[in-house]
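Notes for the one structure printed next.
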Amino acid sequence: QDTLIVWSEAENYDLALSFQEKAGCDEIWEKICQVQGKDPSVEVTQDLIESEEEHIEEMPETSPLIDLPTCELNKLEEIADLVTSVLTSPIRREKLALALENEGYIKKLLQLFQVCENLENTEGLHHLYEIIRGILFLNKATLFEVMFSDECIMDVVGCLEYDPSVAQPKRHREFLTKTAKFKEVIPITDSELRQKIHQTYRVQYIQDIILPTPSVFEENFLSTLTSFIFFNKVEIVSMLQEDEKFLSEVFAQLTDEATDDDKRCELGMDDLQVRSAATDIFSYLVEFSPSMVREFVMQEAQQSDDDILLINVVIEQMICDTDPELGGAVQLMGLLRTLIDPENMLATTNKTEKSEFLNFFYNHCMHVLTAPLLANTSEDKCEKVVGSTKSNTVCPDNYQTAQLLALILELLTFCVEHHTYHIKNYIMNKDLLRRVLVLMNSKHTFLALCALRFMRRIIGLKDEFYNRYIIKGNLFEPVINALLDNGTRYNLLNSAVIELFEFIRVEDIKSLIAHIVENFYNALESIEYVQTFKGLKTKYEQEKDRQNQKLNSVPSILRSNRFRRDARALEEDEEMWFNEDEEEEGEAVVPPVEKSKQEDDFPDSYEKFMETKKAKESEDKENLPKRTSAGGFKFTFSHSASAANGANGANSKSMAAQTSPASSNGSSSKNTTLTTAVTATKGSLVGLVDYPDDEDDDEEEEASPRKRPRLGS
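Straight run, no breaks: the sequence shown in the working numbering ends on number 713.
What follows is the structure in structure tokens.
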């Protein structure tokens with residue numbers, strides 16, 4: 001079944017293997033079929049149970065129904081067992097549903113519920129819970145019509161309060177009758193419409209609140225219930241639309257200046273519930289037709305300022321989310337991702353939606369999205385690192401801000417994968433990767449990993465344009481600092497950094513290999529618990545030998561000619577930029593771009609966002625645990641790589657690095673000069689020793705000591 005392999009091992013015992021991708025599922029399926037001697041092209045190979053679907057088609061109309069026990073207190077256990085046992089058989093489910101429908105059995109059961117509750121018969125109430133839950137899972141619309149009628153629905157809810165797995169019964173009926181209030185902004189005079197609204201709310205409550213989350217085998221059992229709710233909503237909307245007075249009255253009150261604030265709040269204001277409802281409506285619109293929403297916002301841009309564009313309002317709400325877990329921001333980020341996903345953009349002969357919308361997004365909205373990232377990695381947020389004479393950029397240690405930056409980085413990483421041209425220009429012009437890598441210094445490991453993932457996606461493209469940008473900016477330095485600062489901890493950060501370098505080695509990205517070996521190998525050569533860095537050195541030396549052989553085979557008169565490392569021809573303007581002579585001190589790594597007025601203003605806009613957020617937080621402030629400040633971001637190698645190996649001091653090597661500080665301008669950075677001096681005990685080799693127990697100061701994860709094999713000289 002696409003990404004599932006399911007089978008039965010007993011009458012009521014089903015199992016499944018679930019796969020993330022169909023390809024993996026198909027591979028295992030073929031191996032299972034090979035062992036069993038079955039044809040993998042056949043979807044159903046199990047022959048232990050006859051196909052019940054065929055029997056349903058052949059079942060005569062006069063086929064006997066299931067005999068239901070008499071509806072009495074002493075028969076409740078037997079009834080519960082019967083209802084539970086039929087759920088795995090389509091034929092028996094159908095027969096039971098017909099029997100329940102024909103005999104008016106449900107109303108008799110609900111009468112027994114009232115008797116059991118009056119007698120405080122807990123055992124009987126537990127059986128009734130199983131019975132009513134099982135009847136819901138029969139997935140029959142005709143039974144739902146009975147159960148959700150005004151006469152029966154509250155007793156159905158009552159039965160579902162007595163879950164045997166909980167010590168005390170829930171109070172769902174009390175909530176529905178006393179806590180939940182039906183508020184009419186405009187009076188609804190149609191009694192049928194009122195009844196339909198009440199029914200839909202209560203059935204939705206049963207599905208979302210009362211019933212447990214269905215398992216992989218139960219998720220289809222309630223498909224008819226989902227359809228029941230959906231068609232109820234369609235009917236409600238249709239009835240409102242047909243009411244000539246209702247909608248006109250709503251808009252009349254909205255536009256009437258005499259409408260007081262309390263009344264207007266019920267129609268919509270800056271209120272948490274209203275914002276939540278607006279987000280839900282926006283999400284339905286995006287899911288229904290992302291192209292329609294994109295068309296609207298592009299038309300809106302021709303008439304409105306950037307700060308009131310719909311997408312920028314959405315981004316502002318995301319940035320200003322006061323929820324400690326950023327629930328609203330996560331939802332809005334998902335909607336933004338859908339809107340900027342080229343996979344659901346249309347291309348016609350007359351126009352290409354992808355190019356038009358992405359041009360709009362990068363010109364009018366991207367600076368708003370990246371404002372928190374650029375604001376929190378700017379050089380005016382500097383502090384002195386203990387024991388250092390340098391001022392190092394430190395990202396904020398506020399947990400909520402770190403979560404927000406992680407969300408933004410997730411979306412930017414998506415852009416790198418799907419918006420090759422637009423995001424490439426933006427990264428180059430803003431020197432964005434340098435700013436992102438400042439976050440490698442965050443005390444929040446999840447944020448450092450997001451920054452690393454962003455760089456990994458860029459390198460994964462194997463685009464020489466990006467590679468030269470990384471080389472010119474010396475952007476591996478913060479990554480290597482993070483690896484060395486991680487010390488002896490064997491954790492996700494350690495593995496992710498090593499995987500980055502392993503990818504470069506396996507894919508044989510020559511320009512990056514040469515840069516890493518020539519500039520950082522002295523700091524990394526003693527890391528021997530993986531062979532990645534030695535492998536990089538080997539690749540580097542092999543390429544160097546090839547180049548020398550090629551050079552020796554060329555007549556001397558041609559040896560001065562330039563040889564390209566990569567055969568891919570760059571565009572003319574890219575070639576000119578990368579092959580310029582060394583820039584003068586202070587010249588930008590990337591060509592400067594003319595800033596739009598909106599981009600000049602975005603720091604002020606971000607401050608306004610933050611003021612708005614603080615105002616909201618002051619209304620319903622939730623105190624977050626205090627966190628200590630993160631350590632400074634090191635642009636010098638303060639550790640030897642042998643420390644990361646757990647090597648002793650006598651064998652360790654030291655390395656000093658000097659760099660020029662990064663430019664404070666977000667769109668440029670200064671050339672970085674790295675000077676290394678290596679001292680080592682003459683004739684000594686670094687031996688590997690067992691890791692000491694890791695310290696428990698990691699916030700996100702407890703480090704696990706990893707033992708390294710001892711290598712002889």
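Glycine included, each C-beta is placed from N, C-alpha and C at the ideal position.
K31 burial status per 10 Å Cβ neighbour count (16 or more: buried)
exposed
Which residues DSSP lists as bridging D208, in chain order
The partner list for D208 (beta bridge, DSSP) is empty, contrary to what the question assumes.
So V83 packs on I135, CB below 8 Å; how close in whole Å?
6 Å
If contact is defined by three or more beta carbon pairs under 8 Å, each pair taking one atom from either stretch, is the region 530 to 549 in contact with the region 486 to 497?
The region 486 to 497, when compared against the region 530 to 549, does not touch it at the 8 Å Cβ threshold.
Along the chain, where does the alpha helix (DSSP H) containing A258 start, and where does it finish?
From DSSP, A258 is part of no alpha helix (DSSP H); its letter is neither H nor E.
From this set, N429, V416 and M440, which residue's C-alpha is nearest K462's C-alpha?
Considering only alpha carbons, the answer is V416.
Is Y284 near the ligand PLP, going by C-beta to nearest heavy atom under 6 Å?
Absence of the ligand PLP is noted for the structure shown, with no ligands found whatsoever.
Does the Cβ of I459 have 16 or more other Cβ atoms within 10 Å, making it buried, or fewer, making it exposed?
buried
Flag this pair as yes or no: are the beta carbons of E130 and A80 separated by less than 7 Å?
yes
Proximity to H172 [Cα-Cα], best of I209, E184 and T224
I209
According to DSSP, is A16 part of a helix, a strand, or is it coil?
strand
Could you check the C-alpha separation between I340 and A277 for me, to the nearest Å?
23 Å
Quick check: the Cα distance between S89 and Y201, rounded to an integer number of angstroms?
31 Å
May I ask you to list the residues that DSSP assigns as paired with I5?
Beta-bridge pairing links I5 to L17.
Beta-carbon proximity of M298 to F361, cut-off 7 Å
no
With 7 Å set as the bound, which would you pick, yes or no: does the beta-carbon of A329 sit closer than that to a beta-carbon of chain B?
In summary, chain B is missing from the structure at hand, where a single protein chain is found.
By DSSP, does Y129 sit in helix, in strand, or in coil?
Reduced to three states, the DSSP call for Y129 is helix.
Pair within 7 Å by beta-carbon distance, I197 and V250
Going by beta carbons, I197 and V250 fall outside the 7 Å limit.
Return the first residue and the last residue of the alpha helix (DSSP H) that K81 is part of.
Looking at the sequence provided, one finds Asp at residue 81 rather than Lys. L76 to S85 is the extent of the alpha helix (DSSP H) around D81.
Given this structure, state the Cα-to-Cα distance separating I132 from L336, to the nearest angstrom.
41 Å
In whole angstroms, what separates the C-alpha of V166 from that of S85?
V166 and S85 have their C-alpha atoms roughly 23 Å apart.
Through-space distance from I527 to P692, alpha-carbon basis
Residue placement at P692 cannot be trusted, given a pLDDT of 35 that sits under 50; what the coordinates show is reported in the next sentence. Cα to Cα, the separation comes out at about 16 Å.
Runs of 4 residues minimum, wholly inside the region 142 to 190: which ones carry the alpha helix (DSSP H) assignment?
153 to 159
Go through its chain and collect everything with a Cβ distance to I311's Cβ below 6 Å, but skip five positions before and after it.
Within the same chain, I311 has close Cβ partners V297 and C365.
Going by DSSP in three states, T352 sits in which element: helix, strand or coil?
strand
Identity of the residue in Q199, K534, D306 and T377 nearest T177 by Cα:
Q199
Among the candidates L536, L285, Q531 and Y529, whose CA atom is the shortest distance from the CA of F520?
L536
Would you report the Cα separation of Y376 and T338, rounded to the nearest angstrom?
The displayed chain sequence assigns Asn, not Tyr, to residue 376. In a straight line, the C-alpha of N376 is about 26 Å away from that of T338.
Segments assigned alpha helix (DSSP H), at least 4 residues, entirely inside the region 461 to 485
Runs of the alpha helix (DSSP H) inside the region 461 to 485: 464 to 472 and 477 to 485.
On the premise that T279 lies in contact with G328, defined as a C-beta separation below 8 Å, what is that separation, rounded to the nearest angstrom?
6 Å
Since R5 contacts A16 with CB under 8 Å, what's their CB separation in whole angstroms?
Here the sequence assigns Ile to residue 5, which means Arg is not the residue at that position. 7 Å between Cβ atoms; contact.
Within the continuous alpha helix (DSSP H) that includes S283, where are the two ends?
Its alpha helix (DSSP H) spans residues L272 to F288.
For K443, report the span of its alpha helix (DSSP H) as first-last.
Annotation for K443: no alpha helix (DSSP H) segment contains it, and DSSP assigns it neither H nor E.
For K537, the first and last residue of its enclosing alpha helix (DSSP H)
T532 to N552
Inter-residue Cα distance where the pair is I408 and T420
18 Å
Quick one: using the 10 Å Cβ neighbour count with 16 as the cut-off for buried, is M292 buried or exposed?
It counts as exposed.
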